[in-house]
Amino acid sequence: MNEPMLFLPLIALLPLAGFLLNGLFGSRLPKALVSTIALLFPLLSFALVARAAWMVHAGLALPVAEANAPTWIAVGTFHVGFQFVLDQLTLVMLLVVTGVGFLIHLYSVGYMEHESGYWRFFAYLNLFLFFMTVLVLAGNFLLMFVGWEGVGLASYLLIGFYIDRKSAGDAGIKAFVTNRVGDFGFLIAMFLLIAHFGTLSFSRITAQLSAHPTLTTGAATLICLCLVLGAVGKSAQIPLYVWLPDAMEGPTPVSALIHAATMVTAGVYMIARTHALFDLAPAALTVVAVIGTATAFFAATVAIVQTDIKRVLAYSTISQLGYMFLGCGVGAYSAAVFHLMTHAFFKGLLFLAAGSVIHGLGGEQDIRRMGGLRKTMPVTFWTMTAAVLAISGFFPFAGFFSKDAILAAAFQHGSTGKLLWMVGLVTALMTSFYMFRLWYLTFLGQSRAHSASDGHDHEHHHHAHESPWIMLLPLVLLALLSVCGGWIGIDRFAAFLAPATGMASAAPNAGHTELFLSVLAVLVAALGWFVAHLFFGRRTSAADDAAQRLAPLHRVLEHKYWIDEIYTSLIIRPIQWFARFGLGWLGELTLVRGSVWLLVGVTGLCGELLRRWQSGNLRSYAAWLAIGAAALLIFALAGTLLGMNSLADSIHWAVR
Amino acid sequence: MDGMILTLILLAPLAGMALILLLPDRDEQSTNLPAWLALLTSLFTFACTLHLPAHFVAHQTGFQFEENLAWINSPAIRYHVGVDGLSLWLVVLVGLLAPVGVLASWRAVKKDRKLFYALFLLQQTAMVGVFVSLDLMLYYGFWELSLIPIAVLTAMFGRNLGDASAAKAALRFFLYTFIPSAPLLVALLWLYAHTGSFDYATVQAAIASGTLPGWQLAWVSVAFLIAFAVKVPVLGLHGWLPDLFSEAPVAIAMIAAGKLGLYSLIRFHVELFPALAHRAAPWMIALAAVGILYGALLALVQKDFWKLLAYATLGSLSFCTLGIYGFTAAGMSGAVLQTLNEGIIGAALFLLFGVLYEPASASKLADFGGLATKTPRLATLFTIASLALIGLPLLNGFVGEFLVLSGTFTGVSRVWATVAALGVILSAAYMLGAIQKIFLATGAPAHATGHAAGHPSATARDLTGSETVAVALLALLMLALGIQPGLATDAIEPALQSITQSLRMGAQSRNAANLSPTHPESATVIASSPANLKGGR
Amino acid sequence: MHLVLFLIFALFALAGAANLLLQKHPINSALSLIVVMSSLAVLYLLLGAEFLAMAQVIVYAGAIMVLFTFVVMLLNEGREEKTWGSRAARTVGFPAVVVLLATLAAAILRAGRHYGMVSLSDGITTTQDLSKVLFRDLLLPFELTSVLILIAILGAVALARKDDGNA
Amino acid sequence: MNTPVPADWYLLLSAALFTLGVIGFLIKRSLITVFMSIELMLNAVNLSFVTFAHEWHAVKGQIFVFFVMMVAAAEAAVGLAIIISIFRVRGTLTVDQIDRMKL
């Protein structure tokens, strides 16, 4: 085959080179060189992706599988290679990952300027890009798992970047371990796939499925549920979402790149990638849809009362990921991926803008102590506004198109679909509300740095300043994308993706219903804005009143339903107690170590008895010697005495 | 050269030992001459072991580099050595670990250096001997010999000599591993009495022929199994492990567990008694799968890093056992690979923990904290080794675990494989927890005052140049084996083919045995049928 | 003649051995041991082992016993003290001795029927015969004994040397 | 006149001497006489060696005795040296008082 020179491995390996250079030598290089390296390699990678996109545009047929992929594991009949495949889905993901990734790298140069461990940060960031590109380029499950675990590692390293903060380390571990729970599901799914297909290659599995669909629904459901567990872990869905809010301990660009734009969407990508399996397992799809909807709703409720700007955004991310799951669950994979893409734009932008705010305020993250930043940070304000409008789903911003596509698909998805759609719509209302709450509290009104109850640190607003251009440039570019990113339209997008994700969602839309739903969605978003305006825009005490009137509810939301505490006391503590007392004391001390001590004790006792025998008195030795000699003699001469012939005979006789 | 290389590998450490013992006593305190000699010897030996893979004919079953000389005529004990794909890399591993061990002891051993390094090299010979012996009695000799330096060195150079717990740990280890060796010897003699030979192939053929009395043979195999299972150790028989890890000198602890027992399980239990191994397999699989969880759970709550390492090791060794007794091609390859991995990762972790432990003799996790900035090289390499241990893809631990688990899942039991896979979650929790407690901020109030003089965090040092090189090489090895496991598995697979072939025979006879459950000994009886005889040999 | 000689020297030997046990002073015991050894030398001669008889006199009765008497005199221990040290020696040792003797005697008497007679006219093993075997077949063990004796000398010197504190 | 003697008489004498040696080991209290008892046992064994050598016309039986003498000489040298050093440390040769291996 005419190998189109796409250099697929290079797309992944370039960031790896950046990681190695910075990781090994970064501590000794000047900052400028570190950032050059860190920017150059992702940029080259992006350039390769863009070139590939251009070639596709020019008519290159997809998918393109790399020929002669090097072998990784080959044992018996099982064979897995480092195989990279480019298809439409991968191309979209790659554009998002490397494009948004590069912008965030650029932004980080400004944001991390004054941090120690500058080189380390960029090395990790490049490492993340490497694993993420491997994840999306992978041609088989195992290679995908490499990226899957790898991004988890990069996420762990970056969350715990501030090594002098215990909370950062805790959050990193929490993220990694929670992800591992998901990875467990992924592993089991892979084993099931090996058992059923004997291969882990996407193309072979798909081919086998289409050739003779022998896979039973039960088996497919089992596999898919395991995969869902993996996706739920990575994409922070119920019940494994708990790590994502804590992950905000990492530097803000990390939150933007990993915990909003790219890594957390890997679960959605994975479901879209394996849709051929999911299509055989409607039950699993229902689970996905229900999980997604529940998560979207649940996270949105929590986001309403959060006061930390990054936590609001974190719960918002969880909620939006729930939408994507909903999209996957109702079979609208392309809509989910579409939302994934637009979400990457506006959520990345939101985080970067939030970072810009935090940066400008010298580290302040509490929105109750912000306000009035519209004038001091105009560029940030306007880009943020674009993002808020986008996420709330106002026409013609990007979020409108993608969210609308998902909700429409849900609406058309049978009777349960209607219910899911309802919940989704309510969630949209809340989304709009909390985003505008954030917007009002941060940018509008008067500065509240002085009115804060404890009144610590009055210095912020004297320093409040707009961020440097290197941070603003990504903001502006992402804002443009947040505005225009959806204009391509779901129909064209779905048509492009169809070879990779199937045509299931691209049902002929009933024009009137579609229009009605769209209008409804915009109205709901507007309602959300309006309510937010009532509560926060006019600086009445309405918000506090409401909070007081609904005190129990407010408390529940404020404490995030005490989910963390419940997990700790119902899962983590019992495990620790079981390990410490059940295993450690009962099993280990009494049985295992006990048996050793018993053995040693018995041996020691025997030794003690024999020691007494060894009195040290020569004459008693002589006596025992004599009796030993007598015994040996009798033994040896028994044969002679009994009439046998030889010593050997008598020994033989004795042994028998 | 090929004919003598194994003998050279066996003799080189002994020669080094002799040289060290001949050194004058008086320079003991001032110079580190014994360590230098030991290092040179072990490097030379390592170079010799590298000759093996370089000239090994891959994809060929049977033993290579064989040497078969008459030694004792009656009883017929021969000096018969050779390696196949199974033992090849283990020999290299022992060769590799010896210089690492010497480096790890460089600063830790301060007195009686001559004795320490002499015994250390003796241990190396014994371990290589275990891997290359093809005569059962010769094997037994090396097996016993390998136990002694561990016990002696632990008792004499242990960490807590003051309260005599080192001596106790040494005694426990010695008794616990030595006592099962007695039935092993009896079993060996029984085999000799019934086959007239100690030669591995002869005995194997005799057992396969099924002419040996059945129930006695079953007991013989049990004697073999227990002796090895203790040495691995398998769950339930691991009582010596935490003690030894806490007390033994680093260089000794890093070689005490795993390799010898696991290799012996494959070679002298599974390959020698295929039919009986089949009967033991369900138990061993259950023990292994539970052992993975058990080790991980206990590692999770340990407060002392040696103990943590001990239970982590128990977990990863259980992976090997699981793979071996799954009898699947993938599982066994994974198990052998995992044995190598455990050796490499364990060595790195032991060396690093040793560096942490040495300045203040502190091993409580809570005593450390915030070392990442102070000891960056240590922290980086420790993180890499930990990630390899918990099975991050592209590092070696993952491939082994994956092969074992997938082999178990697809070929043996989905339930046990799932149970074992749960260990994957927990391993991340305890290793990352350890990293945090040692290297990252702990947030504890003691932290502020803790940097007073004498506090472990204050006295901690970073790796020296040679230590960095050693661990970095190990880390590279982890990466290389993680990306190209074929480096090792290509040689391992043909060796395993012959095993799985004999196992298939065992499976046949087991199935036949299952048909007549009233006669438990019928397994061997049926294995003796002429059809099987022809099929096997 | 043979019978007479045998009886006389056998009696000497037995008496000497008994005296060894009965005497309280070591020097007397040593002297009775010399009697035993000398009698044995005669018995060797009766058995035709002329070289061994000479060696017995020279090495045993001569060199070794001189060493013994020398040490006895050097240490000047005097008479034995009367102690009853070990119960095991009495309760286990003496029955064992009885069993030992009984077994040996029974075995010898039972097998003795097949043995021949010893008379003065039997051939004598000359020193030449002996040395032919010793220096041809057993040269290496013979040479090794010289090493053994050398080591014994060194050992004796090392052990008996007075401790000066820095040895 | 030339009455032959049965070979087993020699053997019986050897057994008797050996037994006396054992008894000596058991009852003598001075280390040095215990040592003499050992020599006595050795001599008793030598006698049976020589007897068997005569009986079976085997020169090697005598050679064995020769080696025993060599070893006995070496043993006597070392043993007596040990006795001397024990006496030096303990000041006594009574076996019942020397029942500790450590000094």
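Protein chains in written order, with the numbering used here: chain A, 1 to 656; chain B, 1001 to 1537; chain C, 2001 to 2167; chain D, 3001 to 3103.
Where a beta carbon is used, it is the ideal one built from N, C-alpha and C, also for glycine.
Open item on the list: For Leu16(A), which residues in the same chain have their Cβ closer than 6 Å to its Cβ, ignoring the five residues on either side in sequence?
Closed with: Phe130
- [ ] Return the bridge partner residues of Ile1077(B) from the DSSP annotation.
- [x] Ile1072(B)
TODO: Please check if any C-beta of chain D sits within less than 9 Å of the C-beta of Met2054(C).
DONE: no
- [ ] Determine the chain C residues that contact Gly3024(D) at a beta-carbon separation under 7 Å, and present them in chain order.
- [x] Leu2020 and Leu2021
Task: Separation of Ala3073(D) from Ser2029(C), as counted between CA atoms - done: 19 Å
Open item on the list: DSSP has Leu2118(C) in a bridge; who is on the other side?
Closed with: Checking the sequence, you will find Val at residue 2118(C) rather than Leu. Per DSSP, Val3005(D).
Open item on the list: Between Ala1388(B) and Ile1345(B), how many whole angstroms is the CB-CB distance? I'm expecting something under 8 Å.
Closed with: 5 Å
TODO: Counting only the same chain and skipping the five closest in sequence on each side, list residues whose C-beta sits under 6 Å from that of Trp439(A).
DONE: Val388
Task: Cα-Cα separation, Glu514(A) to His339(A) - done: 17 Å
Task: Lys1231(B) versus Arg1172(B): straight-line alpha-carbon distance, rounded - done: 13 Å
Task: Test: Val3095(D) CB closer than 9 Å to a CB of chain A - done: yes
Open item on the list: Is there a Cβ of chain A sitting closer than 9 Å to that of Arg1987(C), yes or no?
Closed with: Since the first residue of chain C shown is 2001 and the last is 2167, residue 1987(C) is not available in this structure.
Task: chain D residues whose Cβ lies nearer than 8 Å to that of Met2073(C) - done: Result: empty, since nearest Cβ-Cβ is about 11 Å, beyond 8 Å.
- [ ] List in chain order: all unbroken alpha helix (DSSP H) runs of 4+ residues lying wholly within the stretch 1266-1324 of chain B.
- [x] 1274-1300
Open item on the list: Can you pull the chain D neighbours of Gly628(A), defined as C-beta to C-beta under 8 Å?
Closed with: Within 8 Å Cβ-Cβ: nothing; Gly628(A) doesn't reach chain D, min ~12 Å.
- [ ] For Gln548(A), verify whether its CB is less than 8 Å away from any heavy atom of the ligand ZN.
- [x] Among the components modelled here there is no ligand, and therefore nothing to report on the ligand ZN.
Task: Gln88(A) and Val56(A) closer than 9 Å at C-beta - done: yes
Task: Identity of the residues DSSP links to Ala138(A) by a beta bridge - done: Phe84(A)
Task: Nearest neighbour of Leu523(A), chosen from Gly372(A), Ser432(A), Asp544(A) and Tyr333(A) [CA to CA] - done: Ser432(A)
Open item on the list: Output needed in chain order: residues of the stretch 1013-1046 of chain B with a Cβ under 9 Å from some Cβ in chain A.
Closed with: none
Task: Element boundaries [alpha helix (DSSP H), containing Val1469(B)] - done: Gly1465 to Ile1483
TODO: Measure the C-alpha to C-alpha separation of Ala69(A) and Val80(A) and round it to an integer number of angstroms.
DONE: 9 Å
Task: Distance between Thr2126(C) and Phe3064(D) (C-alpha atoms, nearest Å) - done: 15 Å
TODO: Check His461(A) in the structure and name its three-state DSSP category.
DONE: With a pLDDT of only 48 at His461(A), under the threshold of 50, the placement of this residue in the model should not be trusted; the figure read from the coordinates follows. Helix.
- [ ] Grab the span of the alpha helix (DSSP H) containing Trp577(A) for me, first residue to last.
- [x] Arg573 to Trp577
Open item on the list: On the criterion of 16 or more Cβ atoms from any shown chain inside 10 Å, does Gly1450(B) qualify as buried, or is it exposed?
Closed with: Note that Gly1450(B) has pLDDT 46, beneath the 50 cutoff, so the model's placement of it is unreliable and the number below is only indicative. Gly1450(B) is buried by the Cβ-count criterion.
Task: Identity of the residue in Thr1442(B), Leu1097(B), Ala1385(B) and Leu1371(B) nearest Leu1039(B) by Cα - done: Leu1097(B)
Task: Residues near Thr1195(B) by beta carbon distance below 7 Å, same chain, minus five either side - done: Thr1202, Val1203 and Ala1206
Task: Beta-carbon spacing of Tyr1311(B), Met1284(B) below 9 Å - done: no
TODO: Would you grab the beta carbon distance between Met1017(B) and Leu1122(B) for me? Rounded to a whole angstrom, and I think it's under 8 Å.
DONE: 6 Å
- [ ] For Thr71(A), name the three-state secondary structure that DSSP assigns.
- [x] strand
Open item on the list: With a threshold of 9 Å between beta-carbons, can Gly2093(C) be considered close to chain A, or not?
Closed with: yes
Task: CB contact check: Arg3088(D) to chain C, cutoff 9 Å - done: yes
Open item on the list: For Leu3040(D), would you say it is in contact with chain A, using Cβ-to-Cβ distances shorter than 9 Å as the test?
Closed with: no
Task: Rounded separation between Val1301(B) and Ala579(A) - CA only - done: 7 Å
Task: Min CB distance Ser650(A) to chain B below 9 Å - done: Any reading at Ser650(A) must be qualified, since the residue scores a pLDDT of 49, below 50, and its modelled position is unreliable; no value is offered.
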